[in-house]
Amino acid sequence: MAKELHLQTPLKDDDLKELKIGDKVLITGIIYTARDAAHKRLVDLIEAGKELPFDIKGQIIYFVGPAPARPGMPIGSAGPTTSYRMDPYSPILLDAGLKGMIGKGPRSKEVIDSMIKSKAIYLAAIGGAAVVMAQSIKAAKVIAYEDLGTEAIRELKVENLPCIVANDIFGNDLYDEGIKKYKK
Amino acid sequence: MREIDVKEIIPIVKKLCIDASIYIGDDVVEKLKEFQEKEESPIAKEIISIIFENQRLSVEKQMPLCQDTGVAVFFIELGQDVHLVEGDFYEAINEGVRQGYKDGYLRKSMVDDPIIDRKNTKDNTPALIYLDIVPGDKIKITLAAKGGGSENMSEVKMMKAADGIEGVIDFVVDRVKRSGGNPCPPIIVGVGLGGNFEQSALLAKKSLLRSLNEKNPDPKWAKVEDEILEKVNNLGIGPQGLGGRTTAIAVNILHKACHIACMPVAVNIQCHVHRHKSAVI
Ligand code: SF4
C-alpha cells in the first residue's frame with residue numbers, strides 16, 4: 023500500500039530503506055537543479071578530478087529549468103524535465119555520492135543498476151504541474167554556470183515538494199510495474 | 008486592398024504568447040474530466056487532480072502552466088487582399104514573441120545552433136512561422152507553443168501503400184508505446200497522413216489545432232481516430248507513464264493527397280499542456 027512519507031535532505035541510507043515504488047514523498051531541505059548542459063559540466067569536472075560546485079554527497083538533483091521568477095517571487099514555474107536525457111551522466115554522479123534524482127519519465131537499465139549499487143532513488147514529479155511544484159520552492163539561488171540561463175545550477179530551498187517514488191533502492195521500477203498492471 | 012501596419016501585430020502576438028502559457032482550453036479540461044471518471048488507477052486519478060490544481064493555480068498566480076513555455080510556432084492565414092506596410096512582417100511576429108516571453112516571465116528555450124554551439128538566444132526567438140494565403144482581407148494568427156518533451160517523441164515514417172491502414176495504426180500506437188512517460192501523458196496524438204515527407208509533419212502539427220470536442224469531419228477517419236485512441240489507452244501507460252487507462256485523451260488526424268509511390272505518416276505528440284490561441288486582425 024502506498025504511503026506518504028517525509029524526506030529531509032541530505033539523505034541518509036536509513037531514510038531510503040523504507041521507501042517503495044508508488045510511495046508519495048514530501049521533500050524538505052536543500053536540493054539542486056541541473057539539466058543536460060549542467061550535467062555535462064559536472065561530469066567533465068569529475069572526469070578531470072576537479073571539485074564540484076556543491077557537495078553532492080547525500081544530495082538530490084532536480085531535473086528542471088525553471089521559468090523566470092516574477093518580482094517578489096522566489097522562482098517561476100518549475101516542473102520536471104524528461105530524465106532519459108540525463109541517463110548518460112547519472113551513473114557517474116551516483117558514484118560520486120548523489121542519493122536522489124527528481125524528474126519525469128523512465129530511466130535506463132544502467133541508471134537503475136547504478137541506483138541499486140549506490141542505494142539511491144529516483145522520484146517522479148508531475149510533468150506539466152509546474153505551478154504546483156513552484157509552491158513548494160521557498161528560495162532559489164544560482165550557484166554555478168550562470169551563463170547557462172535557465173539551465174544554470176540552482177540551490178533550492180524546498181518545503182514538502184511532492185513526488186512519487188518511481189525507482190526504490192531495491193531496483194523496482196514503477197514505470198514498468200504500473201504499465202504492466204493496466205495493460206490490456 | 009486593406010493596409011495593415013505590421014506594428015499592430017506586435018502586441019497581439021505578445022498577448023497570445025502570455026495567454027497561451029496560462030489559460031488552458033476548455034476542451035482539454037472536459038476531456039481530462041471525462042477520462043478521470045473512467046480511470047481505474049488511484050495514482051492516475053490523483054495525477055489528473057494535480058493537473059487540475061495546476062490549471063487553477065496558473066490562472067490565480069498568473070504563472071505559466073509549465074516551465075517549458077515552448078518554441079513559438081505560428082500558423083498564419085493571410086488574406087490575399089491584405090497589404091502589409093511599415094516593416095517586416097516576420098520581424099513583427101518575432102518582436103511580439105520577444106516582448107511576450109520577457110514581460111510574461113516565460114522561459115526562453117531556443118538555442119541558436121542545433122548541435123555545435125547551442126547558445127541560448129535569450130528571447131525565445133526565432134519563432135517558427137508557417138504561412139497560408141487565403142481569400143479575404145484579414146489575418147488570422149494562431150500560436151501553438153510547443154514543449155520539447157512531447158515534441159521529442161514525434162516521428163515521420165515513409166510507409167508503403169501495402170502497409171495499409173492497419174500498418175499506419177500499428178505505427179502510431181507503437182510510437183506512443185515507445186514514448187512511455189516521457190511526453191507527460193495524458194497526451195493528444197496528432198497524426199498527419201499524406202502530402203510529402205515534409206508536409207506530413209506539418210499536417211500532424213496542424214491536426215492538433217482541431218478542438219478535442221470536434222470529431223473528424225470524415226466519418227471513416229473519425230473511426231480510425233477512435234480505434235487508435237482505444238488501442239493507445241489499452242497500452243496501460245497512463246498519466247506520467249506510471250500506469251493507468253488515460254494515456255491519450257484524443258487522437259486528431261489530418262490527411263492530404265500524396266504521390267502514387269508514397270505513404271508518409273507523421274505522429275506529433277502533444278502533452279496535456281496543450282497551448283494554442285488565435286487572434287484575427
Ligand atoms: S512535455 Fe509538455 S507538460 Fe511536459 S514538460 Fe514539456 S511542455 Fe511541460
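Top to bottom, those sequences are chains A and B. One gets the numbering used here by counting positions in the first sequence from 1 and adding 22 to each. One gets the numbering used here by counting positions in the second sequence from 1 and adding 7 to each. We treat Cβ as the ideally placed atom computed from N, Cα and C, and that holds for glycine.
- Taking 8 Å as the cut-off, one finds no heavy atom of the ligand SF4 near enough to the beta carbon of residue 27/B.
- Between residue 280/B and residue 72/B, the CB-CB gap stays under 9 Å.
- Excluding its 5 nearest sequence neighbours in each direction, residue 70/B has C-beta neighbours in its own chain below 8 Å: 29, 64 and 112, listed in chain order.
- Beta-bridge partners assigned by DSSP to residue 184/A: 48/A.
- Of the heavy atoms belonging to the ligand SF4, at least one sits nearer than 8 Å to the Cβ of residue 279/B.
- For a Cβ distance threshold of 8 Å, residue set 150 of chain A lies close to residue 280/B, ordered along the chain.
- Close to chain A, meaning a Cβ-Cβ distance shorter than 8 Å, are the following residues of the stretch 92 to 115 of chain B: 112, 113, 114 and 115.
- Residue 118/A has a beta carbon lying at 9 Å or more from every beta carbon in chain B.
- In the three-state reduction of the DSSP assignment, residue 281/B falls in the coil class, being assigned neither a helical nor a strand state.
- By the criterion of a C-beta distance shorter than 6 Å, residue 80/B is surrounded in its chain by 135, 151 and 153, once the five residues flanking it on both sides are discounted.
- Non-local beta-carbon contacts of residue 243/B in its own chain, meaning distances under 8 Å to residues more than five positions away in sequence, involve 250, 251, 252 and 254 in chain order.
- With a threshold of 16 other beta carbon atoms within 10 Å, residue 56/B falls short and is exposed.
- Below 8 Å, enough C-beta pairs join the stretch 124 to 137 of chain A and the stretch 185 to 202 of chain A to call them touching: three or more.
- The beta carbon of residue 203/A lies closer than 6 Å to none in the same chain, with the five residues before and after it left out.
- Selection 194/B, 190/B and 263/B evaluated against residue 209/B yields 263/B as nearest (Cα-Cα).
- In the same chain as residue 36/B, and ignoring 5 residues on each side of it, the C-beta atoms closer than 8 Å to its own belong to 59 and 62, in chain order.
- Taking the CA atoms as reference points, residue 200/A sits about 21 Å from residue 41/B.
- Assignment of beta strand (DSSP E) within the stretch 125 to 181 of chain B, counting only whole runs of 3 or more residues, yields 135 to 141, 146 to 153 and 162 to 166 in chain order.
- With contacts defined by Cβ atoms closer than 9 Å, residue 33/A and residue 185/A do not form a contacting pair.
- Remark: the shortest separation between the CB of residue 212/B and any heavy atom of the ligand SF4 does not fall under 8 Å.
- Within the stretch 236 to 268 of chain B, 241, 242, 243, 244, 245, 247, 248, 249, 250, 251 and 252 place their CB atoms closer than 7 Å to a CB of chain A, listed in sequence order.
- Under the DSSP assignment, residue 112/B falls outside any beta strand (DSSP E); it carries neither an H nor an E label.
- For the stretch 104 to 139 of chain A, the full-length alpha helix (DSSP H) segments reaching 4 residues or more read 112 to 117 along the chain.
- Here DSSP, grouped into helix, strand and coil, assigns residue 120/B to coil.
- Within the same chain, Cβ atoms closer than 7 Å to the Cβ of residue 107/A are found at 58, the five residues on either side in sequence being excluded.
- Nearest to residue 119/A by alpha-carbon distance, out of 81/A, 55/A and 68/A, is 81/A.
- A straight-line Cα-Cα distance of about 6 Å links residue 147/A and residue 125/A.
- Relative to the ligand SF4, the beta carbon of residue 253/B is positioned no closer than 8 Å to any heavy atom.
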